[in-house]
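If you read the protein sequences in the order shown, they are chains A and B.
Residue numbering for the first sequence follows the numbering used here, starting at 9 and increasing by one per position.
Residue numbering for the second sequence follows the numbering used here, starting at 28 and increasing by one per position.
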Amino acid sequence: MEKKLFINLGRCIACRACEVACEKEHGISFITVYEFRDIAVPLNCRHCEKAPCIEVCPTKAIYRDEDGAVVIDESKCIGCYMCSAVCPYAIPIVDPIKELAVKCDLCAERRKEGRDPLCAAVCPTDAIIYADLNELMEEKRRRKAERIVEAQRKAVETLAYFG
Amino acid sequence: MEEFKIGLCPYCGMGCRFYIKTLNGQPIGIEPYPGGVNEGKLCPKGVAAVDFLRHEDRLKKPLKRTENGFVEISWEQAIKEIAEKLLEIREKYGPDALGFFSSARCSNEENYLLQKIARLLGTNNVDHCARLCHASTVVGLAQTVGAAAQSGSYTDIPKAKVLLIWGYNPSETHPVLMRYILRARDNGAKIIVVDPRKTRTVWFADMHLQLKPGTDIALANAMMHVIIEERLYDREFIMNRTKGFEKLIAVVQKYTPEYAEKITGVPAKLIREAAITFATAGRGIVMWAMGLTQHVTGAANVKALADLALICGYVGREGTGLFPMRGQNNVQGACDMAALPNVFPGYQKVTDDEKRKRVAEIWGVEDLPSKPGLTIPEMIDAAAKGELKALYIMGENPIVSDPNTEHVIEALKNLELLVVQDIFLTETAELAHYVLPAAAYAEKEGSFTASERRVQWNFKAIEPPGEAKPDWVILTMLGKALGLPKFDYSDVEDITREITLVAPQYRGITSERLKREVMGVQWPCPSEDHPGTPRLHVERFATPDGKANIIPVEFKPPAEEPDEEYPFILTTFRIVGQYHTLTMSNRSESLKKRWSSPYAQISPEDAKKMGIQDGEMIRIVTRRGSYTCRAAVTEDVPEGVIAVPWHWGANILTNDALDPEAKIPELKVAVCRVEKIGGC
Numbered sequence: 009m010e011k012k013l014f015i016n017l018g019r020c021i022a023c024r025a026c027e028v029a030c031e032k033e034h035g036i037s038f039i040t041v042y043e044f045r046d047i048a049v050p051l052n053c054r055h056c057e058k059a060p061c062i063e064v065c066p067t068k069a070i071y072r073d074e075d076g077a078v079v080i081d082e083s084k085c086i087g088c089y090m091c092s093a094v095c096p097y098a099i100p101i102v103d104p105i106k107e108l109a110v111k112c113d114l115c116a117e118r119r120k121e122g123r124d125p126l127c128a129a130v131c132p133t134d135a136i137i138y139a140d141l142n143e144l145m146e147e148k149r150r151r152k153a154e155r156i157v158e159a160q161r162k163a164v165e166t167l168a169y170f171g
Numbered sequence: 028m029e030e031f032k033i034g035l036c037p038y039c040g041m042g043c044r045f046y047i048k049t050l051n052g053q054p055i056g057i058e059p060y061p062g063g064v065n066e067g068k069l070c071p072k073g074v075a076a077v078d079f080l081r082h083e084d085r086l087k088k089p090l091k092r093t094e095n096g097f098v099e100i101s102w103e104q105a106i107k108e109i110a111e112k113l114l115e116i117r118e119k120y121g122p123d124a125l126g127f128f129s130s131a132r133c134s135n136e137e138n139y140l141l142q143k144i145a146r147l148l149g150t151n152n153v154d155h156c157a158r159l160c161h162a163s164t165v166v167g168l169a170q171t172v173g174a175a176a177q178s179g180s181y182t183d184i185p186k187a188k189v190l191l192i193w194g195y196n197p198s199e200t201h202p203v204l205m206r207y208i209l210r211a212r213d214n215g216a217k218i219i220v221v222d223p224r225k226t227r228t229v230w231f232a233d234m235h236l237q238l239k240p241g242t243d244i245a246l247a248n249a250m251m252h253v254i255i256e257e258r259l260y261d262r263e264f265i266m267n268r269t270k271g272f273e274k275l276i277a278v279v280q281k282y283t284p285e286y287a288e289k290i291t292g293v294p295a296k297l298i299r300e301a302a303i304t305f306a307t308a309g310r311g312i313v314m315w316a317m318g319l320t321q322h323v324t325g326a327a328n329v330k331a332l333a334d335l336a337l338i339c340g341y342v343g344r345e346g347t348g349l350f351p352m353r354g355q356n357n358v359q360g361a362c363d364m365a366a367l368p369n370v371f372p373g374y375q376k377v378t379d380d381e382k383r384k385r386v387a388e389i390w391g392v393e394d395l396p397s398k399p400g401l402t403i404p405e406m407i408d409a410a411a412k413g414e415l416k417a418l419y420i421m422g423e424n425p426i427v428s429d430p431n432t433e434h435v436i437e438a439l440k441n442l443e444l445l446v447v448q449d450i451f452l453t454e455t456a457e458l459a460h461y462v463l464p465a466a467a468y469a470e471k472e473g474s475f476t477a478s479e480r481r482v483q484w485n486f487k488a489i490e491p492p493g494e495a496k497p498d499w500v501i502l503t504m505l506g507k508a509l510g511l512p513k514f515d516y517s518d519v520e521d522i523t524r525e526i527t528l529v530a531p532q533y534r535g536i537t538s539e540r541l542k543r544e545v546m547g548v549q550w551p552c553p554s555e556d557h558p559g560t561p562r563l564h565v566e567r568f569a570t571p572d573g574k575a576n577i578i579p580v581e582f583k584p585p586a587e588e589p590d591e592e593y594p595f596i597l598t599t600f601r602i603v604g605q606y607h608t609l610t611m612s613n614r615s616e617s618l619k620k621r622w623s624s625p626y627a628q629i630s631p632e633d634a635k636k637m638g639i640q641d642g643e644m645i646r647i648v649t650r651r652g653s654y655t656c657r658a659a660v661t662e663d664v665p666e667g668v669i670a671v672p673w674h675w676g677a678n679i680l681t682n683d684a685l686d687p688e689a690k691i692p693e694l695k696v697a698v699c700r701v702e703k704i705g706g707c
């Protein structure tokens with residue numbers, strides 16, 4: 009299965025390393041961290057399975073690449089921003105120079121070299137992870153199982169102590 | 028040609044590795060390095076760490092002040108004139124008229140050389156900015172556990188079952204450390220945060236003890252009161268490994284949670300719950316930073332936290348420890364190298380005849396000054412009084428970093444000679460008689476010691492701009508010009524080698540080894556085949572008898588308390604995207620645009636009372652000065668507290684009252700009033 013970009017809201021410390029990293033890689037940041045009381049939301053393209061931007065694009069400029077990332081072909085984009093209008097997260101933005109729709113391409117250049125998107129690569133708390141969902145969940149399940157074992161051992165020790 | 032060189036982050040004390048990406052010798056960016064303590068991860072400052080290197084403001088030629096401002100001069104001329112002037116001042120007023128500010132931004136080798144120059148010139152007047160951050164830690168830990176450093180490693184954090192994070196906001200000051208903290212939480216650890224502000228670290232806490240600034244001891248004592256009353260202390264550990272528990276029992280007796288509630292404002296019930304959670308966890312770590320240390324009771328604050336950890340037996344075992352978190356990339360190293368007025372490298376007291384003679388012998392002299400020198404605030408005061416005549420500042424910017432800015436400026440202007448060696452023309456350098464252009468981290472080699480005592484090699488990636496030189500090269504030139512013995516270092520490794528001779532903790536930490544072992548070595552490392560020491564105090568404490576000293580302390584109020592004229596308590600903090608005096612971080616466009624301007628946090632209640640809107644301009648006034656910024660109305664601060672990031676010059680407001688033992692100023696508490704200006 010292909011890798012996806014996951015955002016775990018419970019781990020974001022609002023440090024904006026992802027924003028700065030994205031800006032370094034692309035000149036503009038395609039990810040934005042919104043800070044609220046007690047929580048922050050780093051928001052970028054979710055590369056949806058049923059991506060309305062792909063459906064709506066009149067010139068077929070938006071397509072899914074071999075890794076499953078939703079990307080825009082600049083040469084076909086006419087700057088109509090239908091994609092922005094239908095995006096549930098309002099992700100595609102206006103490139104100030106090209107005046108075309110631009111968005112996160114999951115660091116296409118980096119992926120070609122086998123490297124992860126930079127936001128995920130730097131995120132200090134793993135609030136942003138680039139991974140295979142099934143593998144990620146398997147890891148999480150295993151960690152939970154370890155916690156159960158730990159709790160069980162503790163309970164046995166306590167029983168032995170009082171017994 | 029594109030190349031990747033292993034870099035060492037120049038910002039905080041975490042010790043993160045990354046690759047510096049260069050194109051034809053020019054730095055073009057960073058790339059995660061797979062490994063290091065940061066496991067490839069970086070904070071925004073780390074991501075932007077090459078931005079300032081080629082900034083047009085970089086100093087490229089030595090400068091000399093004339094009546095018409097600065098003029099460029101040659102290195103030979105600059106070094107010759109500075110050396111002559113230093114010797115002349117020493118001749119005229121004696122060696123103690125000279126002072127040296129070393130730097131937690133520079134390598135171990137550079138700190139070693141600067142303090143060596145001071146001492147060979149006959150004075151112990153050498154200090155660095157640890158005085159403003161962890162001087163309290165150095166004093167407090169030396170007295171209790173005998174070693175002024177983080178006792179465990181970052182890898183201990185996920186193994187802990189409780190983290191007590193006191194006066195410390197790692198989410199903003201060490202974002203990468205939050206990686207370890209959240210891992211601890213994943214493993215079921217409870218997180219208790221003690222902070223007057225509701226910081227981003229509090230988002231992840233189980234308990235937030237929102238105390239009134241400067242009331243830390245009352246809170247710590249009350250927690251110990253509960254632990255003793257409920258008999259939750261580690262009896263065996265206390266009996267076998269510590270001294271002084273009986274005295275502690277007597278002192279904390281009166282600090283009932285109800286009594287502490289009156290002083291701290293933290294509900295007694297919460298104090299009790301926090302104490303029980305902490306003591307019953309089984310494995311605990313206490314972490315602290317400037318919120319704890321920058322007080323007139325800073326050293327006592329640290330002792331109180333050390334006591335708290337000791338009575339629970341949370342030192343020297345896996346998943347436990349005392350973690351003073353270092354703010355700059357080489358605070359630990361600068362302290363280890365003795366950029367401190369009372370010790371030689373490796374914390375050997377200047378008053379200890381035997382140790383002093385040994386250091387003197389290695390340096391090729393008969394003896395060295397045995398009288399402890401002046402600390403930074405004392406040197407500033409001595410300069411203001413005209414007793415200190417010359418100040419040599421390497422990589423520090425006291426006009427922005429030290430409290431009571433007006434007083435600092437007045438003192439610096441009073442000097443006969445002010446030399447500033449730095450990478451930019453800082454506010455302090457603007458007042459200098461001579462400015463020497465230094466190389467930045469990526470432009471030189473040397474070793475740096477991160478917070479967990481990890482010594483790592485800093486590899487060179489690019490050439491310095493213009494005529495800028497590594498600080499160790501400049502200091503070697505100066506040492507020679509001053510006619511000091513044995514200053515013929517041909518490369519930085521010569522100095523690293525000498526450090527292994529002088530500082531016992533660094534004996535096995537050679538440059539060859541550090542270049543080979545990119546992850547570095549944790550001191551103490553007594554020999555070349557020693558693996559280093561991830562955890563201190565495992566069998567015995569670094570005290571003469573091997574036992575830790577439990578030292579009870581009494582609560583004392585801060586130096587200033589609110590009154591009618593100054594009804595608010597002012598406190599300061601750091602933010603994630605800017606760094607200290609802005610010298611480096613504000614020269615990164617990406618950082619500057621996101622973290623752009625000063626502000627003051629004020630509670631909605633206070634804002635309402637004064638008719639202040641969010642974003643409106645306000646003036647904050649203390650006994651020392653006034654400061655204008657925008658109001659940020661937020662529930663993150665309680666009523667009566669005003670909190671400002673200090674990066675943009677807020678130290679014009681702060682109090683320079685000192686802790687009597689650590690000589691650290693009370694940067695975290697001052698009283699102020701707030702005036703509405705209006706307009707946005």
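Heads up, the beta-carbon is just placed ideally off N, CA and C, and yes, glycines get one too.
> Is the CB of V110 (chain A) under 9 Å away from at least one CB in chain B?
Replying inline: Taking Cβ atoms only, chain B never reaches closer than 9 Å to V110 (chain A), which makes this a no.
> Is the Cβ of L69 (chain B) closer than 9 Å to any Cβ of chain A?
Replying inline: Chain A, which has a Cβ nearer than 9 Å to the Cβ of L69 (chain B), makes this yes.
> For H235 (chain B), which beta-bridge partners are listed by DSSP?
Replying inline: BP columns for H235 (chain B) point to B:V220.
> Which ranges would you report for the alpha helix (DSSP H) in the segment 374-417 of chain B if only whole runs of at least 4 residues count?
Replying inline: With a minimum length of 4 residues, the continuous alpha helix (DSSP H) runs that stay inside the segment 374-417 of chain B are 380-390, 403-412.
>> Going by DSSP, what residue range makes up the alpha helix (DSSP H) through R543 (chain B)?
In response: Segment 538-543, the alpha helix (DSSP H) holding R543 (chain B).
>> I'd like to check one pair, P571 (chain B) with G559 (chain B): are the Cβ atoms closer than 9 Å?
In response: No, the Cβ-Cβ distance between G559 (chain B) and P571 (chain B) is not below 9 Å.
> Thinking just about the alpha-carbon of each residue, which of B:Q355, B:K281, B:A301 is nearest to the one in A721 (chain B)?
Replying inline: Residue 721 (chain B) is absent from the model: chain B starts at 28 and stops at 707.
>> To the nearest angstrom, how far is the alpha carbon of G510 (chain B) from that of A495 (chain B)?
In response: When rounded, the separation of the alpha-carbon atoms in G510 (chain B) and A495 (chain B) is 23 Å.
>> For E103 (chain B) and D498 (chain B), which I take to be in contact (beta-carbon distance under 8 Å), what is that distance rounded to the nearest angstrom?
In response: About 18 Å; that fails the 8 Å criterion.
> Taking Cβ to Cβ, would you say C23 (chain A) is nearer than 9 Å to E58 (chain B)?
Replying inline: Cβ atoms of C23 (chain A) and E58 (chain B): not closer than 9 Å.
>> For F44 (chain A), report the span of its beta strand (DSSP E) as first-last.
In response: Boundaries of the beta strand (DSSP E) harbouring F44 (chain A): 40-44, taken from the DSSP string.
> From the DSSP output, which residues share a beta bridge with W193 (chain B)?
Replying inline: Bridge partners of W193 (chain B): B:V221, B:W315.
> In three-state DSSP terms, what is W550 (chain B)?
Replying inline: In this structure, W550 (chain B) counts as coil in the three-state DSSP scheme.
> Are R650 (chain B) and V696 (chain B) touching if we call contact CB-CB under 9 Å?
Replying inline: V696 (chain B) is positioned such that its CB atom lies no closer than 9 Å to that of R650 (chain B).
> Apart from the five residues on each side of it in sequence, which residues of its chain come closer than 8 Å, Cβ to Cβ, to L297 (chain B)?
Replying inline: Here the set comprises M234, L236.
> Are E566 (chain B) and G343 (chain B) touching if we call contact CB-CB under 9 Å?
Replying inline: The Cβ-Cβ distance between E566 (chain B) and G343 (chain B) falls below 9 Å.
> So, helix, strand or coil for G653 (chain B), using DSSP?
Replying inline: Per the sequence shown, the amino acid found at residue 653 (chain B) is Ser instead of Gly. Annotated three-state conformation of S653 (chain B) is strand, per DSSP.
> Does E63 (chain A) get closer than 9 Å to chain B when you measure Cβ to Cβ?
Replying inline: No, because no Cβ of chain B sits closer than 9 Å to the Cβ of E63 (chain A).
> Between the segment 323-345 of chain B and chain A, which residues of the former have CB atoms less than 7 Å from a CB of the latter, in chain order?
Replying inline: Result list empty, no residue passes.
>> Classify T378 (chain B): buried if its beta carbon has 16 or more other beta carbons within 10 angstroms, exposed otherwise.
In response: Counting every other CB atom within 10 Å of its CB across the protein chains shown gives T378 (chain B) a total below 16, marking it as exposed.
>> Give me, in chain order, the residues of the same chain whose beta-carbon lies closer than 6 Å to that of T133 (chain A); leave out the 5 immediate sequence neighbours on both sides.
In response: Excluding residues within five positions, the ones whose Cβ falls inside 6 Å are R19, I21.
>> Considering Cα atoms alone, identify which of B:I639, B:K583, B:D222 is closest to E702 (chain B).
In response: Looking from the CA of E702 (chain B), the closest CA among B:I639, B:K583, B:D222 belongs to B:I639.
> In whole angstroms, what is the alpha-carbon distance linking Q53 (chain B) and K58 (chain A)?
Replying inline: Between Q53 (chain B) and K58 (chain A), the C-alpha separation is close to 44 Å.
>> Taking only three categories from DSSP, how would you classify N357 (chain B)?
In response: Note: N357 (chain B) maps to coil in three-state DSSP.
>> Check whether the segment 69-88 of chain B and the segment 447-455 of chain B touch, using three or more Cβ-Cβ pairs below 8 Å as the test.
In response: Taking a cut-off of 8 Å for Cβ pairs, the segment 69-88 of chain B and the segment 447-455 of chain B touch, as three or more such pairs fall below it.
> What is the DSSP secondary structure of D84 (chain B), reduced to helix, strand or coil?
Replying inline: In the three-state reduction of the DSSP assignment, D84 (chain B) falls in the coil class.
> For A109 (chain A) versus C127 (chain A), is the C-beta distance shorter than 9 Å?
Replying inline: With respect to the 9 Å criterion, A109 (chain A) and C127 (chain A) are not classified as neighbours on the basis of their beta carbons.
>> Taking contact to mean 3 or more Cβ pairs, one atom from each stretch, closer than 8 Å, check whether the segment 320-334 of chain B and the segment 678-698 of chain B are in contact.
In response: Flag = yes, the segment 320-334 of chain B and the segment 678-698 of chain B touch.
> Who are the near neighbours of A659 (chain B) in its chain, counting only those whose CB is closer than 8 Å to its CB and skipping five residues on each side?
Replying inline: The answer, listed in chain order, is Y626, A627, Q628, I629, D641, G642.
>> According to DSSP, simplified to helix, strand and coil, what is E29 (chain B)?
In response: Looking at E29 (chain B) - three-state DSSP - the assignment turns out to be strand.
> Got a sec: is the Cβ-Cβ distance from I47 (chain A) to anything in chain B below 9 Å?
Replying inline: Cβ-Cβ to chain B under 9 Å: yes for I47 (chain A).
> So which of B:L502, B:A410, B:S612, B:G535 has the shortest CA-CA distance to K107 (chain B)?
Replying inline: Ranking B:L502, B:A410, B:S612, B:G535 by Cα distance to K107 (chain B) puts B:L502 first.
>> For a contact defined as C-beta to C-beta under 7 Å, what are the partners of A168 (chain A) on chain B?
In response: The contacting residues do not exist; A168 (chain A) stays about 16 Å from chain B at best.
> Would you call T537 (chain B) buried or exposed, if buried means 16 or more other Cβ atoms sit within 10 Å of its Cβ?
Replying inline: A buried status is given to T537 (chain B), since no fewer than 16 other beta-carbon atoms sit within 10 Å of its beta-carbon.
> Does DSSP classify D81 (chain A) as helix, strand or coil?
Replying inline: Of the three classes helix, strand and coil, the one that applies to D81 (chain A) here is coil, per DSSP.
> What residues in the segment 584-603 of chain B have a beta carbon less than 7 Å from any beta carbon of chain D?
Replying inline: Chain labels in this structure do not include chain D; the protein chains are A and B.
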